[in-house]
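K.L.:
One structure is given below, represented as structure tokens, and several questions about it will come after.
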Amino acid sequence: MAIAARAGMTCREVEKLLDLFLDGELEARTMRTVALHVTRCEPCEALLQGLERLQDVVGDTIGDAVAEVDFARFWPSIAAEVDGVQRSWRGLGGRVRALARTPLVIAAAMAAALVVSAIALWREMPAIPPPPTVVNNQVRIDTLTSDAPAVALLSESATNTTVIWISEEGRGR
Amino acid sequence: MERTDTELVRLTRQGDRGAFQELVERHQRKVYAVLLGMLHDHDAAWETSQETFIEALCCLDRFKGEASFSTWLYRIAVNVAIDYQRHERHPPRVGVADTTVAAQSREIGERVCAAIAQLTPEHRAAILLREVEGLSYEEISRVMECAKGTVMSRLHYARKKLQAQLQDCL
Amino acid sequence: MRAAARPLAAVFLGALLAAASAARAGGVAVTVGSVLATDGGQPEFDPRLVAMKPQFDSLFRYSSYRLMKQERRVLDWGQGASFDIPGGRYLVIAPKELRDSKVSMQVMLLEGGRPLVDTSVALRDHGVLLVGGPKQLEGVLIVAIGADTE
């Protein structure tokens, strides 16, 4: 959502944006402004936590209920109907083939098939290049701050993969 | 390598039964979750999930690939649920969590379901697609065929209402 | 269910490839995978993480790695998005620009409003950055962040 960020938003302004913040729907700068406000403002943090708890409780309630369902029976319960639908497609195909006895219809069908094949071929051409075979995860870190007791940077030489490692030692967790 | 939904849709259109089975098995839990949240009843969710997949198969030629297959499927599921409720083939029940073990979580579950049940179908669908399925506003707007701003206000309203009803257990 | 994990073939390589068509429209496809790394017990390696195995083996000494959730979003330049991370944390990512085949972005990992990491990085297109260390269940969390523009 294109809502302009302003430094020092009031609680009232932040409150209106908490839904969007929680859902990741704010523009970057506003996201950051709200995040920083919430870090420093207990009432707004409590409101955000309330939204998070609601999200958890709704997700967990439905998730737990679905987790108990045995889906092994699901496909068998619709397979017969699926077969019926697919049989009707074949029946339709059969009727089309029956019509194709007329030479004019055959010619028209061949022309249409050519067009369809050309479209299909065009649509299936790999428009997306394959991923590079040599992985290079090189990263440049311009700034880095953290509230954690310690942060380390690790890197691996084969693919230049970088890890920002947070140590929570000393926090009593 | 796992086949994409698009590939499976293409094969299904060619009559490949196994491809459709793979699509069903891939999406059945997600579709069921939305329908369970919409209808609050396992039997109804089961029945409408079946209906959703059969309807999807019947109108597969209408899937143009503009949205993802799951978005398209959710749209069918939400419409099937609304239609199901409109015709009230079964009275709405509130008992989604009745199979959970812990009494406390059962109670919370029942209260959550009761609160969701009081929302309008549109608000209910929006909150379920967001909180349970994790869809973005853009995706929800495609499923529900409405503007992003409408999604935003539906979610806001639904959350306010749920919070008011569940304030002592949140 | 909440995880709302998208179907995936192999984390990042597969997912980024699938994401590419949308990203070509001008945005950047950001993929965030949350991996639980644990020690002890039977060694296990989630097959969905196979593309990352050499890096994990080289960087860490955990016996098991399991993908807890994965989320992919196509973001516009300058648009931020938040990704739910297990443990009630969330990751805010705001891609800024693509320059010299590098995606510049602001990455914030927040825990209850507390920034565990707030960094400005330039990641190679198709590349992956890892952020790890927060405790999660009986292990630690490793968050893999991938960006892809074409």
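First to last, the protein sequences are chains A, B and C.
Using this note's numbering, read the first sequence as starting at 273 and increasing by one per residue.
Using this note's numbering, read the second sequence as starting at 25 and increasing by one per residue.
Using this note's numbering, read the third sequence as starting at 3 and increasing by one per residue.
Don't be surprised by glycine CBs; every beta carbon is placed ideally from N, CA and C.
DSSP beta-bridge partners for Val123/C?
P.N.:
Looking at the DSSP assignment, Val123/C forms a beta bridge with Ile413/A, Met107/C.
K.L.:
Would you verify that the beta carbon of Ala27/C is, or is not, closer than 8 Å to some beta carbon of chain A?
P.N.:
Residue placement at Ala27/C cannot be trusted, given a pLDDT of 47 that sits under 50; the coordinates are not used to answer.
K.L.:
If the cut-off is 9 Å on Cβ atoms, which residues from the stretch 57-70 of chain B count as contacting chain A, listed in chain order?
P.N.:
So the close ones are Ala57, Val58, Leu60, Gly61, His66, Ala69, Trp70.
K.L.:
Spell out the partners DSSP gives Leu437/A in its beta bridges.
P.N.:
It is Trp, not Leu, that sits at residue 437/A in the sequence shown. Answer is Ala424/A, Gly134/C, bridged to Trp437/A.
K.L.:
Less than 8 Å between the C-beta atoms of Met107/C and Val119/C, yes or no?
P.N.:
Not closer than 8 Å, so no.
K.L.:
What three-state label does DSSP hand Pro117/C in the structure shown?
P.N.:
The answer is strand: DSSP assigns Pro117/C an E or B state.
K.L.:
Cys170/B touches chain A at which residues, Cβ-Cβ below 8 Å?
P.N.:
Chain A residues near Cys170/B: none, gap ~15 Å exceeds 8 Å.
K.L.:
List the residues of chain C that Val357/A touches, going by C-beta distances under 9 Å, in chain order.
P.N.:
Per Cβ cutoff of 9 Å: no residues; Val357/A is ~23 Å from chain C at best.
K.L.:
Ser66/C by DSSP, collapsed to three states: which one?
P.N.:
Strand.
K.L.:
Evaluate Gly61/B with the Cβ neighbour count: other Cβ atoms within 10 Å of its Cβ, from every protein chain shown; 16 or more gives buried, anything less gives exposed.
P.N.:
Under this definition Gly61/B is a buried residue.
K.L.:
Counting Cβ pairs closer than 8 Å, one from the stretch 184-191 of chain B and one from the stretch 325-342 of chain A, do we hit at least three?
P.N.:
Cβ pair count under 8 Å is three or more, so yes.
K.L.:
Please tell me whether Leu38/C has its Cβ less than 8 Å away from any Cβ of chain A.
P.N.:
False, the Cβ-Cβ gap to chain A never drops below 8 Å.
K.L.:
Using a 10 Å radius around the Cβ and a threshold of 16 neighbouring Cβ atoms, would you call Arg63/C buried or exposed?
P.N.:
With fewer than 16 Cβ atoms within 10 Å of its Cβ, Arg63/C is classed as exposed.
K.L.:
Confirm, please, whether the CB-CB distance from Glu440/A to Gly135/C is below 8 Å.
P.N.:
Closer than 8 Å, so yes.
K.L.:
With DSSP collapsed to three states, give me the class of Thr305/A.
P.N.:
It is helical.
K.L.:
Identify each residue in the stretch 129-143 of chain C for which the Cβ-Cβ distance to at least one residue of chain A is less than 7 Å, and report them in chain order.
P.N.:
So the list reads Gly129, Val130, Leu131, Leu132, Val133, Gly134, Gly135, Pro136, Lys137, given in the order they occur along the chain.
K.L.:
Can you give me the start and stop residues for the alpha helix (DSSP H) that Pro145/B sits inside?
P.N.:
Unbroken alpha helix (DSSP H) run through Pro145/B: 145-155.
K.L.:
Within this structure, are the beta carbons of Val411/A and Leu100/C separated by less than 8 Å?
P.N.:
Contact flag unset, no.
K.L.:
Check the C-beta distance from Ser66/C over to Thr415/A and give it rounded, since I have them as a contact under 8 Å.
P.N.:
The pair is not a contact, with the Cβ atoms about 34 Å apart (cut-off 8 Å).
K.L.:
Run through DSSP, which three-state label would Glu340/A get?
P.N.:
DSSP places Glu340/A in coil when its eight states are reduced to three.
K.L.:
Bridge partners for Thr1/C per DSSP, in chain order?
P.N.:
Any answer about residue 1/C is impossible in this case: the structure gives chain C only from 3 up to 152.
K.L.:
Quick check: is the beta carbon of Val120/B nearer than 8 Å to any beta carbon in chain A?
P.N.:
Its pLDDT being 46, under 50, Val120/B is placed unreliably in this model, and the value from its coordinates should be taken loosely. Yes, because at least one Cβ of chain A sits closer than 8 Å to the Cβ of Val120/B.
K.L.:
Under 8 Å, Cβ to Cβ, is there at least one residue of chain A near Ser66/C?
P.N.:
It does not: the Cβ of Ser66/C has no partner Cβ on chain A nearer than 8 Å.
K.L.:
Against chain A, with Cβ distances strictly below 8 Å, would Met70/C count as a contact?
P.N.:
No - not a single Cβ of chain A is within 8 Å of the one on Met70/C.
K.L.:
Between the alpha carbons of Pro97/C and Gly80/C, how many angstroms are there, rounded?
P.N.:
Cα-Cα distance, rounded: 6 Å.
K.L.:
Closest to Val167/B by CA distance: which of Arg110/B, Phe44/B, Phe77/B, Ser94/B is it?
P.N.:
Checked all of Arg110/B, Phe44/B, Phe77/B, Ser94/B; the closest Cα to Val167/B is Ser94/B.
K.L.:
So, for Leu159/B: in the same chain, excluding its five sequence neighbours on each side, which residues have a beta-carbon less than 6 Å away from its beta-carbon?
P.N.:
Excluding positions up to five away in sequence, the list reads Leu153.
K.L.:
Residues of chain B with CB under 7 Å from Arg325/A, in chain order?
P.N.:
The answer, in chain order, is Leu194.
K.L.:
Find out if the Cβ-Cβ distance for the pair Ser418/A, Pro117/C is shorter than 8 Å.
P.N.:
It is a contact, given that the beta carbons lie within the stated cut-off.
K.L.:
Give the single residue among Val94/C, Asp150/C, Thr151/C, Gln138/C whose Cα lies nearest to the Cα of Leu69/C.
P.N.:
Nearest C-alpha to Leu69/C: Gln138/C.
K.L.:
Using only alpha-carbon positions, find the residue among Leu61/C, Ile144/C, Asp78/C, Leu93/C that is nearest to Asn432/A.
P.N.:
Closest by alpha carbon: Leu61/C.
K.L.:
Less than 8 Å between C-beta atoms, sequence neighbours within five positions excluded: which residues of the same chain meet that for Ala150/B?
P.N.:
Closer than 8 Å at Cβ, skipping near neighbours: Ile164, Met168, Val175, Arg178, Leu179, Ala182.
K.L.:
Does any residue of chain B bring its CB to less than 8 Å from the CB of Ala352/A?
P.N.:
No - not a single Cβ of chain B is within 8 Å of the one on Ala352/A.
K.L.:
Check the Cβ of Leu426/A against every Cβ in chain B and list those closer than 8 Å, keeping chain order.
P.N.:
Result: empty, since nearest Cβ-Cβ is about 30 Å, beyond 8 Å.
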